[in-house]
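These protein sequences, in sequence, are chains A and B.
Note that the first sequence covers residues 16 to 289 in our numbering.
Note that the second sequence covers residues 16 to 289 in our numbering.
Cβ atoms here follow ideal geometry from the backbone N, Cα and C, with glycine treated the same way.
2 protein chains.
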Amino acid sequence: MSVQIPPTLRVVPDPADPRLTRAVTGRDQTGAAVDLRVVEERPLTIYLNSREIVTAMTIGDHPEWLALGFLGNQGMLRASDVVTGVDYDDELQVVVVRTEVETDHEAKLARATRTSGCAVGTVFGDMMEGLENLTLPDTPLRVSDLRALSHAINRTPSLYLQAGAIHGTCLCAGPDPLAYFEDVGRHNAVDKLAGWMRAEGVTAADKTLYTTGRLTSEMVIKCALMGIPALVSRSGFTAWGVEIAQQVGLTVIGRMKGDRFLCLSGEERVVWDV
Amino acid sequence: MSVQIPPTLRVVPDPADPRLTRAVTGRDQTGAAVDLRVVEERPLTIYLNSREIVTAMTIGDHPEWLALGFLGNQGMLRASDVVTGVDYDDELQVVVVRTEVETDHEAKLARATRTSGCAVGTVFGDMMEGLENLTLPDTPLRVSDLRALSHAINRTPSLYLQAGAIHGTCLCAGPDPLAYFEDVGRHNAVDKLAGWMRAEGVTAADKTLYTTGRLTSEMVIKCALMGIPALVSRSGFTAWGVEIAQQVGLTVIGRMKGDRFLCLSGEERVVWDV
């Protein structure tokens, strides 16, 4: 497999960054010594103004975008909130997002939902909040573009290819991957992407979100709330994820391997051009 | 691959249980209609006495064991706490664990850590609590047994083989799988296993814990706190997971596929008998 960075990719993983992986020595099944690199996993504490919100376990790249995207995806930071600064302290492993006026995020800290793939998950407030009146654009999704994306993403140099045990996500426009993020948690990766979109003013309506993670309810909801009409994964589905996607009109495509995939929701957007 | 249930397995997944998967219809890459089954994902709210602790997203089997194991693994329920009852209400999707005396779990609700593979994770209290004085037994781990387990587990009928998009965990003794649990969240599966061990009075010191999930810090800590000296996965490692395993003397074996694996901690327990 020839490894190359697609020219349209504005953000790419940096497997050469020594802070993201660690060299370890172990033994294989024969007892022979083996040297390999494994991904880092370190705490990052996110503050919204003066309030500590959460400590995320992350590989550690793009802390500002992770904080912005996390707060946005949790509904603690609205599009209308004016962010006056995002300050990251590398020593303290703390990132502080400052807004012009205090937000109402305290209200979100009420209920706790443990979500799929989690040690213990907390969804601040109602998971479904904001989905009721959501209408996603009818952006066409060409099968030929999905093939191109699958091949382009799999050939892009990544921590996954170097060290494994990591999730990736990629924002795409038609056949072109635009920004590729990785993290130990699949949601961290998507939150970094959301933070980057907010910081760069990238529109969602004409995009496709690719993830290596499963199409669970929380991933479907997150993608829909981000306003992205199509969610694509190489992994599988959960029934509630599919049900919610059908309710909100999100196109979900899973088990995408090479040229093969399954579409279980929003097939009306898919253009079978191959 | 011949599918068969090992005779030593006392608890096995039930892919035939209609409540655990749902029939859906979709389209493949050619636009052809495809019928398949996808795993369910439903909320289960766990109470400890009169207090609502968390709502877990789960496939829904073994709710009593999930609640017992979750509370135990979160340190909200100690071995010394006398459980007077575990009541599950199928309609309300609520399970209540009752103890003779109120526990001190409120103290655990203080800090929040978002953990790997999570939407948002909350580790109640200090993740490392209880690890300081932990000593794990020197139970030998034979490479021949690991091979036998890998083959036995992969051949056992499961939701994974039927529907995918699910994690599994299996408690093993030497070459024998004893109890196999699955769930949308890898930690749910381990928590069900822990609840079953508590309910059945199964010892941990002579066992091996197999998981399909990655060997992250939280999984390593959970296994160590359960008192199981060896953690085996077909997935990969994170640096902090390996570091903690080395600190507490837990044997971690990852990337186990067929006869191959990597051991990055606790190799002194491994008997290279093949």
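Query	Result
N-terminal and C-terminal residue of the alpha helix (DSSP H) that residue 259 (chain B) is part of	254-263
Limits of the beta strand (DSSP E) - the one that residue 105 (chain A) falls within	Run containing residue 105 (chain A): none; DSSP gives neither H nor E here.
Where residue 209 (chain B) falls, given that 16 or more other Cβ within 10 Å makes a residue buried	buried
Spatial neighbours of residue 196 (chain B) in its chain, beta-carbon cut-off 6 Å, leaving aside the 5 residues before and after	184, 204, 207, 208
Exposed unless 16 or more other CB atoms sit within 10 angstroms - verdict on residue 17 (chain B)	exposed
Short CB-CB distance (under 8 Å) between residue 229 (chain B) and chain A	yes
Between the CA atoms of residue 240 (chain B) and residue 146 (chain B) - distance to the nearest angstrom	7 Å
Residue closest to residue 91 (chain B), alpha-carbon to alpha-carbon, out of B:108, B:68, B:105	B:68
Outcome for residue 51 (chain B) when other beta-carbon atoms lying within 10 angstroms are tallied against a minimum of 16	buried
C-beta neighbour in chain B for residue 44 (chain A), strict 8 Å	yes
Meets three-Cβ-pair contact criterion under 8 Å: the segment 223-230 of chain B and the segment 99-115 of chain B	no
Any chain A beta carbon closer than 8 Å to residue 95 (chain B)	no
Within-8 Å CB hit, residue 232 (chain A) to chain B	yes
For residue 206 (chain A), the first and last residue of its enclosing alpha helix (DSSP H)	201-215
Three-state secondary structure (DSSP) of residue 229 (chain B)	coil
Contact check, residue 225 (chain B) vs residue 187 (chain B), beta carbons under 8 Å	yes
Minimum Cβ-Cβ distance from residue 165 (chain B) to chain A less than 8 Å	no
DSSP state of residue 182 (chain A) mapped onto helix, strand, coil	strand
Closer than 8 Å to chain B by CB, residue 127 (chain A)	Residue placement at residue 127 (chain A) cannot be trusted, given a pLDDT of 42 that sits under 50; what the coordinates show is reported in the next sentence. Residue 127 (chain A) counts as touching chain B.
Contact the segment 249-268 of chain B vs the segment 38-56 of chain A: 3+ CB pairs below 8 Å	yes
Neighbourhood of residue 25 (chain A) by C-beta, 7 Å cutoff - its chain only, sequence neighbours within 5 removed	193, 194
Three-state secondary structure assigned by DSSP to residue 162 (chain B)	helix
Between the CA atoms of residue 284 (chain A) and residue 155 (chain A) - distance to the nearest angstrom	5 Å
Buried versus exposed, by CB contacts within 10 Å (16 or more), residue 44 (chain A)	buried
Residue 197 (chain A), DSSP secondary structure in three states	strand
Neighbour flag for residue 369 (chain A) against chain B, beta carbons, 8 Å	Nothing can be reported for residue 369 (chain A), as the shown portion of chain A is limited to 16 through 289.
Residue 79 (chain B), enclosing alpha helix (DSSP H) - first and last residue	78-88
C-beta neighbour in chain B for residue 134 (chain A), strict 8 Å	Note that residue 134 (chain A) scores 36 on pLDDT, short of 50, meaning its location in the model is unreliable; the coordinates nonetheless yield the value given after this. Yes - at least one Cβ of chain B is within 8 Å of the one on residue 134 (chain A).
Cutoff 8 Å: residue 173 (chain A) Cβ touching any chain B Cβ	no
Residue 219 (chain B): first and last residue of the uninterrupted beta strand (DSSP E) it sits in	Run containing residue 219 (chain B): none; DSSP gives neither H nor E here.
Own chain partners of residue 134 (chain B) with C-beta closer than 6 Å, once the 5 adjacent residues on each side are dropped	A caution first: residue 134 (chain B) carries a pLDDT of 36, below 50, which makes its placement in the model unreliable, though a value can still be read off. So no residue of the chain qualifies.
Contact set between residue 279 (chain A) and chain B, taken where Cβ atoms lie within less than 7 Å	39, 41
Test: residue 144 (chain B) CB closer than 8 Å to a CB of chain A	no
Of the listed residues B:22, B:27, B:35, nearest to residue 199 (chain B) (C-alpha basis)	B:35
Contact belief for residue 82 (chain B) with residue 116 (chain B) at Cβ below 8 Å, rounded distance in angstroms	Not a contact, Cβ separation roughly 18 Å.
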